[in-house]
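Sequence lines, in order, name chains Z and U. Residue numbers for the first sequence follow the working numbering, beginning at 2 and rising by one. Residue numbers for the second sequence follow the working numbering, beginning at 16 and rising by one. Reviewing the structure listed below.
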Amino acid sequence: MAGSLLVLALLWHILAIIVQSRYLPTPIAVFDVLLREGASGDLWKHTSATLLRVALAFIVSMFVGTAIGLALGRFKTADRFFDAWLILFLNLPALVTITLCYIWFGLTEAAAVTAVALNKIPNVAVNMREGARSLSKDLAEMAIVYKFGWWKTLRHVTIPQLAPFVAGAARSGLALVWKIVLVVEAFGRSSGVGYRLAIAFQEFDVSTILAYALTFILIVQFIEFSVLQPLQSRVSTWRR
Amino acid sequence: MAALNGANDGAPIRVTVKRKVFPAVGGREAQLVLKDVSFEVAPRSFLVITGPSGCGKSTLLNIIAGLDKDYEGEVDLGPAKDRLTFIFQTPRLLPWRTVYQNIALALPDGDPRHAKIPPMLERVGLGQAIHAYPERLSLGMQRRAALARGFILEPQILLMDEPFVSLDDPTAASLRELLMELWRSNPTTVIFVTHDRAEAIQLGTRILRLAPGKASVAQDANVRLTDAERRDRAAVLAEQNRIFAAT
């Protein structure tokens, strides 16, 4: 994988040399900007602010989405009633939720996180509803006959069945959340990668845009490979 | 606790199902599954309920187990009701837990019987697979694990719903042998459902035949075979012909 990314960087470098434009800097120029921003402390300041928002929005949407999804999966009447709502929220453009949240709740941190969470919650809910619907009746009966009680049932029967759905929602969630967080920051925050990108856009500063984008992609990749993927393979060791 | 240790030996299981109906779903009409099915099961007997597919055998077993409460009638399991075990048609093991964990989960935490799990698994021929995940085992081995889970509880009432279906003949035969051996060493009241008449005769001390359409008991007969004769194909066949002569 490292090799294929190296080839991509090389192609980029060659293209940049051929084009010779300030709007397509070489990878080396981007790296220079990265070092400069890192030394000044800006890189850390903006990425940490973004990471905090990503974490908050991610946790809120996972919890709320899971609760809603499980409830809809378990109670048919509620599901029939709220299904249309869910579809409506699923199709609401991110830009609409963001602008409305800022207008209604002001340009605040809470409004920013809420806007991101609102974009992700329907997604998690749909995933978890599938999970709740697919819970095995056979295993539930087994747990009754063998007197598992609620705690053992939850821990050994229910949660393992939901785990793949949680893992799926988490992985797709991280990718979605961090992208929306950048938009929210560009619109109405004065810190974060999104804010920094918006400034760079006004100056047509492509090097800075690429430097921040690459930093964040690396961080998200790191979380994906070091946390989410190991977690997913851990919960599926039992599979044939 | 004294009641669990033999004082209730004399109490039979009493089952009375006046009416059991599957409600109409979608375009299908409501269906009468069981009507006036009533019988007693003597302690430590091995009752086999038999009949063709769809005659309500499994439904009856679910009612006895308390899993299906939507019926008219009454089931009295007596004082042994807390020591009931159900071995299902499919093994119903938790695929994300090892064989050992699956069996341990059936026991309360800290129960002294946890120590008996390895010997029990050894006994059912799973000594090498104690820490294997169920999906890595053959269906026959999964069924052995399900039997071990049922027997580790030392039940006083054992319900079994076609536990050896969809196995090849030698595997099914060896599991029947294992069941008889486990039952002899820990005689419990067994209610065993099967559509396989030879299996019914080989295992049961009493046969209850449900008839399709009628939704009720069509025949109630005792099996007159010794343990040795149960291993003899010809003897089983002769008894099968005697009991099911009318059908």
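In this text, a Cβ means the ideal position worked out from N, Cα and C, and glycines have one as well. It should be emphasised that the depicted structure is a prediction, and the values quoted were computed from it without experimental measurement.
Residue environment, residue i, which counts as buried when at least 16 other CB atoms sit within 10 Å
i, result
"K307(U)", "A query on residue 307(U) cannot be resolved here, the shown segment of chain U reaching from 16 to 262 and no further."
"K33(U)", "exposed"
"W111(U)", "buried"
"H47(Z)", "buried"
"R54(Z)", "buried"
"T241(U)", "exposed"
"R158(U)", "buried"
"T78(Z)", "exposed"
"I160(Z)", "exposed"
"N117(U)", "buried"
"M16(U)", "Note on M16(U): pLDDT 37, under 50, position unreliable in the model; no value is reported."
"I29(Z)", "exposed"
"N201(U)", "exposed"
"V40(U)", "exposed"
Span separating the alpha-carbon of residue i from that of residue j
i, j, result
"V180(U)", "A187(U)", "8 Å"
"E186(Z)", "F217(Z)", "14 Å"
"F202(Z)", "R240(Z)", "48 Å"
"V20(Z)", "H14(Z)", "10 Å"
"L211(Z)", "L25(Z)", "10 Å"
"A111(Z)", "L57(Z)", "10 Å"
"A118(Z)", "Y213(Z)", "23 Å"
"R75(Z)", "W152(Z)", "18 Å"
"G69(U)", "A163(U)", "28 Å"
"E131(Z)", "L82(U)", "25 Å"
"E137(U)", "T100(U)", "21 Å"
"T203(U)", "P58(U)", "7 Å"
Contact belief for residue i with residue j at Cβ below 8 Å, rounded distance in angstroms
i, j, result
"V52(U)", "V238(U)", "Rounded, the Cβ-Cβ distance is 20 Å, inconsistent with contact."
"F149(Z)", "V158(Z)", "7 Å"
"P266(U)", "A161(U)", "Outside the displayed span of chain U (16 to 262) sits residue 266(U), for which this structure offers no information."
"H129(U)", "A119(U)", "6 Å"
"L155(Z)", "L229(Z)", "23 Å between Cβ atoms; not a contact."
"R221(U)", "Q234(U)", "Not confirmed; about 11 Å, so no contact."
"V114(U)", "A147(U)", "6 Å"
"V61(Z)", "V114(Z)", "7 Å"
"V56(U)", "Q46(U)", "Rounded, the Cβ-Cβ distance is 26 Å, inconsistent with contact."
"M129(Z)", "G66(Z)", "6 Å"
"E172(U)", "R98(U)", "With the sequence shown as reference, residue 172(U) is identified as Ile, and Glu is not the correct amino acid for it. Confirmed, about 7 Å."
"G66(U)", "A226(U)", "7 Å"
Cβ-heavy atom distance, residue i to the ligand SAH, below 7 Å
i, result
"A57(U)", "For the structure depicted, the ligand SAH is absent and the ligand set is empty, with no information on it obtainable."
At a cut of 8 Å, does the segment 106-124 of chain Z reach the segment 74-90 of chain Z through at least three beta carbon pairs?
-> yes
Residues within the segment 93-112 of chain U neighbouring chain Z, beta-carbon criterion of under 8 Å = L99, T100, F101, F103, T105, R107, L109, P110, W111 and R112
Quick one, which residues of the segment 160-184 of chain Z are near chain U if we go by CB-CB under 9 Å, in chain order?
-> P161, Q162 and A164
Do the segment 168-177 of chain U and the segment 207-216 of chain U make contact, defined as three or more Cβ pairs closer than 8 Å?
-> yes
Which residues, in order along the segment 141-159 of chain U, keep a beta-carbon less than 7 Å from a beta-carbon of chain Z?
-> Those would be Y148, E150 and R151, in chain order.
Answer yes if the segment 58-78 of chain Z comes into contact with the segment 214-229 of chain Z, meaning at least three C-beta pairs across the two stretches below 8 Å, and no otherwise.
-> no
Contact the segment 124-142 of chain Z vs the segment 193-213 of chain Z: 3+ CB pairs below 8 Å | no
Mind listing which residues of the segment 76-87 of chain U have their C-beta closer than 9 Å to chain Z's C-betas, in chain order?
-> Taking 9 Å as the upper bound on Cβ-Cβ separation, chain Z lies near residues N77, A80, G81 and L82 of the segment 76-87 of chain U.
Got a sec: which bits of the segment 30-63 of chain U sit with their beta carbon under 8 Å from any beta carbon on chain Z, in order along the chain?
-> Interface annotation for the segment 30-63 of chain U against chain Z: empty, criterion Cβ-Cβ distance under 8 Å.
Mind checking the segment 128-142 of chain Z against chain U and listing, in chain order, the residues whose C-beta falls within less than 8 Å of any C-beta there?
-> D139, L140 and E142
What are the residues of the segment 79-112 of chain Z that lie near chain U, defined by any Cβ-Cβ distance shorter than 9 Å?
-> none
Of the residues that make up the segment 111-127 of chain U, which ones have a beta carbon closer than 7 Å to any beta carbon in chain Z?
-> W111, R112, L120 and A121
Could you run through the segment 227-238 of chain Z and flag, in chain order, every residue whose CB is less than 8 Å away from some CB of chain U?
-> V236 and T238
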